[in-house]
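Q: Structure provided below as structure tokens; questions to follow.
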Amino acid sequence: MTAGAKLDELYKNRGVRAKELHNAGAIVIGYFCCFVPDEIITAFDMVPYRIQGSQSEPIDEADAFLEPMACPFVRSCFNMALKGSYDFLDGFVAPHSCDTIERIYGIWSHHRPSPFNHMINVPHMQGPSSEAFYRSELDYFIKSLEDWSGRKLENGKLIKAVSLYNERRKVLRELYDLRKSDPPLVSGTEILKALVAGMGIPGAEHLALLRRYVAHVKERPKPRKDKTPRIFIWGSEIDDAAFIQLVEECGAQAVMDDLCTTTRSFWEEVPETTDPVEGIARRYLATHCPRNDVPQKECSRISDLEQRYGYIKKFIKDWAVDGAIFYIVRYCDTCELEGPDLREYLNSLDIPVLMIEDDYSISTIGQLRTRIQAFLEMIG
Amino acid sequence: MEQREQQGKTAAVKGTDMARKVRGMVKNIYQSAHEAKQAGGKVAYSMIMSQYDEILRAMDIVPLPTENFAGVCAAKRQMDRFLLQAEADGYSQSLCSYARIGLGFDSLRKEGSGIPDNSPDGGMAMPDMMLGSSSVCDPRYKWFQAAGRFLDVPRYNVDVVSPPIRANLEDTRDYYIRYQKEQFRGLIAFLEKQTGRKMSDDRLWESIRLCDEAWRLWYEIDRLRVAVPSPMPSQDHFSIMAAAHYYAGTQIAVDFYQGLYDEVKYKAANKNGVVPDEKYRILYGAGLPPWHTLWIFNYFESFGAVFVIENVYRAYDPVEVPSSVQDPVEYLAWRTFLRVTQWHEKASARSGNPYVEKLLEMAADYKTDGVVFHACRSCRASTLGQTHIKNLLGRYTDIPMMQLTSDMVDLRDYSESQWKAQIGAFIEALAARKRG
Chain A
0 MTAGAKLDEL
10 YKNRGVRAKE
20 LHNAGAIVIG
30 YFCCFVPDEI
40 ITAFDMVPYR
50 IQGSQSEPID
60 EADAFLEPMA
70 CPFVRSCFNM
80 ALKGSYDFLD
90 GFVAPHSCDT
100 IERIYGIWSH
110 HRPSPFNHMI
120 NVPHMQGPSS
130 EAFYRSELDY
140 FIKSLEDWSG
150 RKLENGKLIK
160 AVSLYNERRK
170 VLRELYDLRK
180 SDPPLVSGTE
190 ILKALVAGMG
200 IPGAEHLALL
210 RRYVAHVKER
220 PKPRKDKTPR
230 IFIWGSEIDD
240 AAFIQLVEEC
250 GAQAVMDDLC
260 TTTRSFWEEV
270 PETTDPVEGI
280 ARRYLATHCP
290 RNDVPQKECS
300 RISDLEQRYG
310 YIKKFIKDWA
320 VDGAIFYIVR
330 YCDTCELEGP
340 DLREYLNSLD
350 IPVLMIEDDY
360 SISTIGQLRT
370 RIQAFLEMIG
Chain B
0 MEQREQQGKT
10 AAVKGTDMAR
20 KVRGMVKNIY
30 QSAHEAKQAG
40 GKVAYSMIMS
50 QYDEILRAMD
60 IVPLPTENFA
70 GVCAAKRQMD
80 RFLLQAEADG
90 YSQSLCSYAR
100 IGLGFDSLRK
110 EGSGIPDNSP
120 DGGMAMPDMM
130 LGSSSVCDPR
140 YKWFQAAGRF
150 LDVPRYNVDV
160 VSPPIRANLE
170 DTRDYYIRYQ
180 KEQFRGLIAF
190 LEKQTGRKMS
200 DDRLWESIRL
210 CDEAWRLWYE
220 IDRLRVAVPS
230 PMPSQDHFSI
240 MAAAHYYAGT
250 QIAVDFYQGL
260 YDEVKYKAAN
270 KNGVVPDEKY
280 RILYGAGLPP
290 WHTLWIFNYF
300 ESFGAVFVIE
310 NVYRAYDPVE
320 VPSSVQDPVE
330 YLAWRTFLRV
340 TQWHEKASAR
350 SGNPYVEKLL
360 EMAADYKTDG
370 VVFHACRSCR
380 ASTLGQTHIK
390 NLLGRYTDIP
400 MMQLTSDMVD
410 LRDYSESQWK
420 AQIGAFIEAL
430 AARKRG
């Protein structure tokens, strides 16, 4: 089986490999968002599993326990947990990444407790004291895992895990580089599948697959240049390829992105220091999640936007982006507040923006087709 | 049709004389900010319950609580133009409506180069800075980041951290308090830069003393409210909270609560109840109040149902900071930690949920017959978890519970006929339980 086919299979059958490992005696730790370090879980010889929802399954049980004005991604994940889809998890870890995740921790661990349950408090602010606090929270997480599992975290193993995941980050960036050509060698749909596939398997397995996959993509014949608009996708949790596929079906190339499931989760490396937890704390706290408060350096709107979105400017330039589409999952307050600011910033770079708020459901995605087509016509 | 008839009436009839004086205090919040600006003083957009009130007072910075302004707009039914402006600017209708009103106001101010005409209570003065926090919810720091689009003033946000319920407090206390202290130190450094003045520890201690005294009196007032019949209803709470939150760290708040304490004590001693015939005692379980329709409390009263206590906007009971703490900033950090962990031990021992423990204690102490929750469509922080709390409460008590849904300020999420139907059924349930 080719690496691409294997990634596709893993994407379609999420959880299968983790269940297999769990049944063979491995400890699988499920977690939300981009703030729980895979490195720490891996260094314990456990399997990190990023919890995902399902945009194709209706939320039919969660509403008895959780209000419908909660983020539909979280409601979907919880709905799946209630139906037993996450019974294979030996541990459940929620970071305090936003109000909804913070709240779901207590509800989830009450109704579907795993043998190990833990919440990591993630500072909303950034700076030396926030880094020190987050580091303490990670130390407490490590201590809790040690107490529960009876295993002792070895510094050497953690250093190795940092190298492993940095290597994976490097290969993923290499894959992203293959989107720079016009047209790109690999589609946004394929990229999303390759990323989501890796969220439920050990990092080493994902890395091996990605290496093969990148080599395969590099061998693809170079397509002829076309005038298809090159789109940057920004938003929150997209773990189903349907939306990006829709954008591409409408006649665009999704060439770059900044989503919880994509660059946000892997782009920057963990500094490889003798004290690996310190490097991990610094890297994870700097995640470009809209829930973070990036402090002002000076009182100026231009400087503030630059401080917050300067990294996106590089994406726009290096991937030759023509336009941006925001996919905001409804009730995500931090994205809702961030969207208009980022639109202002991108407009200042002459990048037109289509801002979409949606329900994390493929049943509503079809309605977006006309809006996307109109937008692409406008920028085309 | 029904809604149109009620268009002019939003406020509730209060139960105490002191609560009737609050309107003037609220007006003064905005007036004093305008006056401070004219006198060359500093005004800060602020968020209540950020634990930094005394620092602002010690530095003579006038706090301008932006969420309160949204509540005032709703109570006066003057929120629509601000909400619509924010939505036209790209903010979703599902976003916190407090934030939408604030952003809409600032947007209109920028567009018109001045305070929008006929703004409630004279509108919010142009702030010199914006001070958000992560206390309570995400929009309370993200909002001011977004407001930079309309206001060219510096912003500073602080973290307010709370350990998870099942965290071992022995393991976490030191670094939580250390971080909290460093966050406050960072804020002080920012304020000193903005004002060009050093903060005085003596003034901070004095402000802390006044704040603690006001909150102690408020707590004592609430303890008096266990009396039957109820001497002070929840609609009064939603007015009198202004003193503790918007005048924190001032003598004004202390004097106000002393007066209220005396009045409530007198009413309790003389069995002077809110309604002549108190049939049902209701606990306001959770959720921000419907500022647009506070008269609904009087509607309940028409059935003899009085809201006797509530679990919102007075989040903490008094705490005792160790006497070894000699630094006022460390005191604030300690007090924050003790406040946010007050119910951890009880929650860990039983339900796993601090709100459930608190509500159960309130239900017993205040002899309540039912619990009402208010789910606000645009407020994640006060709404998510209500259903879970209700489910858990049901394991320990058989009193009827009801969840009303609308929004704290956005009237478009409110349906009077639906509420009245729900309230009617709820009163029936209360009556049936009384009959046994």
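Going line by line, the protein sequences match chains A and B. Residues 0 to 379 in numbering that gives the first Met the number 0 are what the first sequence spells out, letter by letter. Residues 0 to 435 in numbering that gives the first Met the number 0 are what the second sequence spells out, letter by letter. The beta-carbon is built from N, C-alpha and C at its ideal position, and this holds for glycine as well.
(1) Apart from the five residues on each side of it in sequence, which residues of its chain come closer than 8 Å, Cβ to Cβ, to B/Gln421?
(2) Please report the Cβ distance between B/Pro138 and B/Cys95, rounded to the nearest whole angstrom; I am assuming they are in contact, meaning their Cβ atoms lie under 8 Å.
(3) What residues from chain A crowd round B/Arg394, counting only those whose CB sits closer than 8 Å?
(4) Just mark B/Ile54 as buried or exposed, buried being the case when its beta carbon has 16 or more other beta carbons within 10 Å.
(5) Give the DSSP bridge partners of A/Asn94, in chain order.
(6) With burial defined as no fewer than 16 other Cβ atoms inside 10 Å of the residue's Cβ, what is the status of B/Met407: buried or exposed?
(7) Would you kindly check if the distance between the Cβ of B/Phe143 and the Cβ of B/Gly436 is under 8 Å?
(8) In chain B, which residues lie with their C-beta within 7 Å of the C-beta of A/Ala280?
(9) Nearest-angstrom Cα distance between B/Ile295 and A/Phe91?
(10) When you compare the CB positions of B/Arg222 and B/Tyr365, do they come within less than 8 Å of one another, or not?
(11) Enumerate in chain order the residues of its own chain whose CB-to-CB distance from A/Trp380 is below 6 Å, with the five nearest sequence positions on each side excluded.
(12) Give the DSSP-derived three-state secondary structure of A/Ala253 in the structure shown.
(13) Going by beta carbon distance, what residues of the same chain come within less than 7 Å of B/Asp121, once the five residues before and after it are set aside?
(14) Compare the beta carbon distance of A/Val216 and A/Val170 with 8 Å and say whether it is the shorter of the two.
(15) Identify, in the order they occur along the chain, each residue of the same chain with its Cβ nearer than 8 Å to the Cβ of B/Met198, setting aside the five sequence neighbours on each side.
(16) Looking at the C-beta of B/Gln421, does it have a partner C-beta in chain A at a distance below 8 Å?
(17) Report all residues from its chain with a CB closer than 6 Å to the CB of A/Met45; omit the five preceding and five following residues, and keep chain order.
(18) Write down the C-beta distance between A/Val352 and A/Phe325 rounded to the nearest angstrom, noting that I regard them as a contact closer than 8 Å.
(19) In or out: B/Arg196 buried (at least 16 other Cβ within 10 Å) or exposed?
(20) Could you round the C-beta distance between B/Ile281 and B/Thr367 to whole angstroms and report it? I think they count as a contact, below 8 Å.
(21) Among the residues of its own chain, which have a CB less than 6 Å from the CB of A/Ile119, if the five just before and after it don't count?
(22) So, does the CB of B/Glu181 fall closer than 8 Å to a CB anywhere in chain A?
(23) Report the CB separation of B/Ser49 from B/Ser161 in whole angstroms; it is logged as a contact under 8 Å.
(24) For B/Leu359 and B/Lys389, what's the separation of their Cα atoms in angstroms?
(25) Check distances from the C-beta atoms of the stretch 328-353 of chain A to those of chain D and list, in chain order, the residues that come in under 8 Å.
(26) For the stretch 225-235 of chain A against the stretch 248-263 of chain A, are there 3 or more C-beta pairs whose distance is under 8 Å?
(27) How about B/Gln193 and B/Val157: do their beta carbons lie closer than 8 Å?
(28) With burial defined as no fewer than 16 other Cβ atoms inside 10 Å of the residue's Cβ, what is the status of A/Arg263: buried or exposed?
(29) Taking 8 Å as the CB-CB cut-off, is B/His387 touching chain A?
(30) How would you list, in chain order, the residues of chain B whose beta-carbon sits under 8 Å from the beta-carbon of A/Asp98?
(31) What residues from chain A crowd round B/Thr335, counting only those whose CB sits closer than 8 Å?
(32) Can you give, in chain order, each stretch of the beta strand (DSSP E) that sits fully within the stretch 293-324 of chain B and has at least 3 residues?
(33) Thinking just about the alpha-carbon of each residue, which of B/Glu169, B/Leu216, B/Leu63 and B/Tyr354 is nearest to the one in B/Lys41?
(34) What's the gap between the Cα of B/Phe81 and the Cα of B/Tyr51?
(35) Just checking: is the beta-carbon of B/Arg224 within a distance shorter than 8 Å of some beta-carbon in chain A?
(36) With 16 other CB atoms within 10 Å as the buried threshold, where does A/Arg370 fall?
A: From the atom records:
(1) Met401 and Leu403
(2) 4 Å
(3) Chain A residues near B/Arg394: none, gap ~11 Å exceeds 8 Å.
(4) buried
(5) Going by the sequence as given, residue 94 of chain A is Pro instead of Asn. A/Ile119.
(6) Looking at its Cβ environment, which holds 16 or more other Cβ atoms inside 10 Å, B/Met407 is buried.
(7) Summary: the structure shown does not reach residue 436 of chain B, with chain B confined to residues 0 through 435, and so no result is reported for it.
(8) Chain B residues near A/Ala280: none, gap ~12 Å exceeds 7 Å.
(9) 42 Å
(10) Their beta carbons are not under 8 Å apart, which means B/Arg222 does not touch B/Tyr365 by this criterion.
(11) Since the first residue shown for chain A is 0 and the last is 379, residue 380 of chain A is missing from the structure and cannot be characterised.
(12) strand
(13) A quick correction: the sequence has Gly, not Asp, at residue 121 of chain B. Only Tyr29, Gln30 and His33 meet the Cβ criterion.
(14) no
(15) Ile54, Ala57, Met58, Ile187, Leu190 and Glu191
(16) No, B/Gln421 lies away from the interface with chain A (no Cβ there is under 8 Å from its Cβ).
(17) Ile26 and Ile28
(18) 7 Å
(19) exposed
(20) Yes, B/Ile281 and B/Thr367 are in contact; Cβ-Cβ is about 6 Å, under 8 Å.
(21) Pro94, Glu136 and Phe140
(22) yes
(23) Incorrect: roughly 13 Å between the Cβ atoms, too far for contact.
(24) 11 Å
(25) In the structure shown, chain D does not exist; the protein chains are A and B.
(26) yes
(27) Going by C-beta atoms, B/Gln193 is not nearer than 8 Å to B/Val157.
(28) buried
(29) yes
(30) Cys136, Asp137, Arg379, Ala380 and Leu383
(31) For B/Thr335, there are no neighbours in chain A by C-beta distance under 8 Å, as the nearest C-beta there is about 14 Å away.
(32) 304-309
(33) The option with the nearest alpha carbon to B/Lys41 is B/Leu63.
(34) 28 Å
(35) no
(36) exposed
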